[in-house]
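Residue numbers (our numbering), protein chains in the order written: chain C, 8 to 340; chain G, 8 to 340.
Using N, Cα and C, we set each Cβ at its ideal position, and we do this for glycine too.
First up is the structure itself, then whatever we jot down about it.
There are 2 protein chains.
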Amino acid sequence: MSWYSKTAPRGDIVVSTRIRLARNIKGMPFPSKMTAEQFCRVNELVRDVIFKSNSPIVKQLKYIKMDNVPEVERFAMVERHIISREFALNYQNRAIIISDDEEICIMLGEEDHIRIQVVFAGLQPQLAYNIADDIDNILCQNLDIAFDERLGFLTECPTNLGTGLRASVMLHLPIMEQKDEIGILAKSIRKQGFTIRGMYGEGSKALGSLYQVSNQVTLGVNEQNAINSLERMTYQIIGQEEETRKMLNPIKLQDRCMRSYGILKNSYILSSQEMMARLSDVKLGISEKIVHCNETPIKLMIEGSPYMITRILGYDSPGDRDIIRAKKIRETI
Amino acid sequence: MSWYSKTAPRGDIVVSTRIRLARNIKGMPFPSKMTAEQFCRVNELVRDVIFKSNSPIVKQLKYIKMDNVPEVERFAMVERHIISREFALNYQNRAIIISDDEEICIMLGEEDHIRIQVVFAGLQPQLAYNIADDIDNILCQNLDIAFDERLGFLTECPTNLGTGLRASVMLHLPIMEQKDEIGILAKSIRKQGFTIRGMYGEGSKALGSLYQVSNQVTLGVNEQNAINSLERMTYQIIGQEEETRKMLNPIKLQDRCMRSYGILKNSYILSSQEMMARLSDVKLGISEKIVHCNETPIKLMIEGSPYMITRILGYDSPGDRDIIRAKKIRETI
């Protein structure tokens with residue numbers, strides 16, 4: 008069961024929590040400078056260390072060479088938030104070690120040699136961090152990981168130097184967005200070492216009103232503190248979104264959410280953009296107890312993404328995709 | 008049961024047929040110049056003649072003084088297409104003789120002394136004309152109706168001179184409208200003595216895609232010919248609308264009609280304008296066998312009109328009207 012199929016704490020506003028640790032092997036150039044042989048060497052080193060460990064986590068993991076993953080599947084993995092877009096594009100010689108539920112994914116040969124990533128539904132930074140940390144311990148105990156006593160973990164990009172930790176949450180903030188409060192929020196959290204950006208789309212409004220909040224500071228801080236402060240910051244933003252929602256006209260809110268539900272339930276052609284907007288309203292309606300829905304909107308958003316639909320369709324056709332997407336959503340919602 | 012609650016021949020495209028005969032009493036000024044006493048005299052003359060007749064039509068008729076009809080009810084009658092807007096505005100001293108199903112309505116003191124109006128659902132010009140003609144015969148046999156051997160019936164406005172007959176159909180032409188074919192149609196039917204205009208709204212698009220086609224010529228023609236030629240013209244336009252519909256992309260059509268149905272089924276605030284547009288799509292969907300609906304869209308359109316809703320509401324509030332309208336439609340559609 009994928010992360011996005013699960014119900015989770017504060018899932019009404021916090022879609023997911025993501026922990027990422029960047030690590031590199033000493034004496035090896037960074038991936039941007041690596042040869043095919045060196046990629047192979049890194050992949051095998053990490054694979055062997057992980058699968059020889061007797062940690063219970065290892066049982067659910069599998070090793071996949073990215074050269075064996077077709078393009079559509081690679082980009083569908085991006086849409087499921089398992090791998091980065093850059094990794095899907097520069098996939099040659101790379102590999103991943105991934106859990107069956109896709110909550111754990113170790114990318115080998117992304118910007119750094121090793122990127123441990125744990126994604127959980129809802130607000131679960133501590134739990135996600137604990138798993139990432141367990142994997143980190145296996146690696147650090149068995150590999151010569153590039154580490155400087157003064158700086159901390161060494162990484163390709165200086166913004167990751169130190170902990171190599173990026174902790175983030177994906178938040179659903181439809182009403183703060185509607186009230187134009189995201190800009191103010193961005194300013195205020197920047198001062199506290201956090202950043203916010205739209206998950207999808209560009210311009211003033213994020214597609215689906217989904218925003219990613221992540222820590223910016225990796226140098227001179229400790230990992231546990233970073234996790235704690237992300238959790239605090241998230242509760243603060245949840246509070247703001249909830250306060251803003253209290254000021255809404257109930258009938259207007261009901262009208263907005265139910266109309267979007269009605270459209271999804273009855274549409275026969277549905278673009279990805281419109282799906283995001285309508286499902287965002289439905290998600291808002293569910294958390295405000297206005298809409299009842301058979302499936303979580305986030306699961307539908309992800310499963311309705313272009314490559315996820317192309318995967319079902321078996322061929323590439325934006326027109327047919329909009330028809331299949333409409334059918335899928337109409338029948339499950 | 009009102010005319011708009013009935014199913015009728017070619018009701019898929021022809022919403023209603025309306026026959027109107029304008030008559031005046033000799034030796035009496037036209038209503039624009041009449042005194043209160045003269046209105047009273049005309050009302051009583053016509054009332055007495057009608058109710059003394061032994062025609063079976065008379066049994067279902069009743070006489071109503073417009074001074075006793077409150078404003079909201081008067082304009083709700085306009086929305087039900089029973090009386091004209093002008094008559095609702097200039098109601099003082101006027102009266103109507105109306106059937107229980109509101110298919111027959113004789114306005115006394117509109118532009119002419121007597122306006123016999125028969126409205127039937129669907130395409131039924133002959134049937135509607137026969138009833139109007141029966142009433143006309145009662146009047147002509149018992150009153151001194153202003154008639155000129157050379158010109159025909161005398162009327163206040165010269166455009167009605169001759170037969171005093173206006174025969175019209177209300178047509179639902181969503182696809183000809185979408186394809187910008189109404190302008191061309193208007194030109195072509197004008198040459199044949201007909202005119203077309205949007206039933207509601209101004210500008211290039213008629214609200215609800217509803218158009219009224221009526222005969223223009225009253226002088227030097229015979230009533231039966233006018234009825235026949237309206238029927239022929241209507242079939243011609245039906246054919247054009249049907250041809251245009253055949254060229255539509257079926258999935259786009261289904262998407263359009265079902266979305267509108269979904270919105271109506273799930274909206275909590277609904278303006279009159281939006282209701283008309285969405286119900287027009289639903290009507291199209293029903294006639295194309297895409298949408299199933301518990302109630303005819305035309306009935307919903309009329310019952311969702313502003314004054315019809317104000318009547319239920321009991322007070323005037325456009326905001327509350329949109330909420331009541333949404334509820335009424337959501338629950339009946």
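Contact check for L180 (chain C) and E248 (chain C): beta-carbon distance about 5 Å, within the 8 Å limit, so the pair qualifies. Sequence-ordered contacts of the segment 245-278 of chain C with chain G read I258, K259, Q261, D262, M265, R266, Y268, G269, I270, K272, N273, S274, Y275 and I276 [C-beta pairs closer than 7 Å]. The alpha-carbon separation between I104 (chain C) and E110 (chain C) amounts to approximately 11 Å. I319 (chain C) counts as exposed, since fewer than 16 other C-beta atoms from the protein chains shown sit within 10 angstroms of its C-beta.
It is roughly 46 Å from the alpha-carbon of V176 (chain C) to the alpha-carbon of L291 (chain G). Proximity of I142 (chain G) to chain C, defined by a Cβ-Cβ separation below 8 Å, is not satisfied. Taking 8 Å as the cut-off, the beta carbon of A29 (chain G) is found closer than this to the beta carbon of T162 (chain G). According to the DSSP secondary-structure assignment, L115 (chain C) is paired through a beta bridge with C:A102 and C:I121. Leaving aside the five residues that flank V85 (chain C) on each side, the residues in its chain whose CB is nearer than 6 Å to its CB run, in chain order, R92 and A95.
The beta carbon of K272 (chain G) lies closer than 7 Å to those of R337 and I340 in the same chain, with the five residues before and after it left out.
Within chain C, the residues whose beta carbon sits less than 7 Å from that of I330 (chain G) are I258, listed in sequence order. In the displayed model, F154 (chain G) falls within a strand according to three-state DSSP. In the displayed model, V49 (chain C) falls within a helix according to three-state DSSP.
Distance between Q199 (chain G) and N97 (chain G), taken at the CA atoms: about 34 Å. Put simply, the backbone Cα of S39 (chain C) is about 15 Å away from that of A102 (chain C).
By alpha-carbon distance to L172 (chain C), the top candidate from C:E188, C:I123, C:L192 and C:I182 is C:I123. Proximity of the segment 255-262 of chain C to the segment 254-271 of chain G falls short of the contact definition, fewer than three beta-carbon pairs being nearer than 8 Å. A contact between stretches requires three or more CB pairs, one per stretch, nearer than 8 Å, and the segment 63-80 of chain G fails this requirement with the segment 190-206 of chain G. By the C-beta density criterion, D329 (chain C) is buried, having at least 16 other C-beta atoms within 10 angstroms. Shown here for I276 (chain C): same chain residues with a beta carbon closer than 7 Å to its own, the five before and five after excluded, namely D329, I330 and A333 in chain order.
DSSP places L226 (chain C) in no alpha helix (DSSP H); its state is neither H nor E. By the C-beta density criterion, M8 (chain C) is exposed, having fewer than 16 other C-beta atoms within 10 angstroms. Under the Cβ criterion (8 Å, minimum of three pairs), the segment 147-157 of chain G does not count as touching the segment 311-327 of chain C. Counted as a single uninterrupted DSSP element, the stretch harbouring V79 (chain G) is not any beta strand (DSSP E) but the alpha helix (DSSP H) occupying residues E78 to E86.
Under a 10 Å Cβ-count criterion, C264 (chain C) is classified as buried, with 16 or more other Cβ atoms of the shown protein chains found around its own Cβ. Restricted to the segment 165-210 of chain C, the beta strand (DSSP E) segments that are unbroken, complete and at least 3 residues in length are 172-179 and 201-205, listed in chain order.
Going by beta carbons, G129 (chain G) and R252 (chain G) fall outside the 8 Å limit. In the DSSP assignment, S9 (chain G) forms no beta bridge with any residue. Counting only the Cα atoms, M35 (chain G) lies some 29 Å from S221 (chain G). Here the alpha carbon of C112 (chain G) sits roughly 10 Å from the alpha carbon of H88 (chain G).
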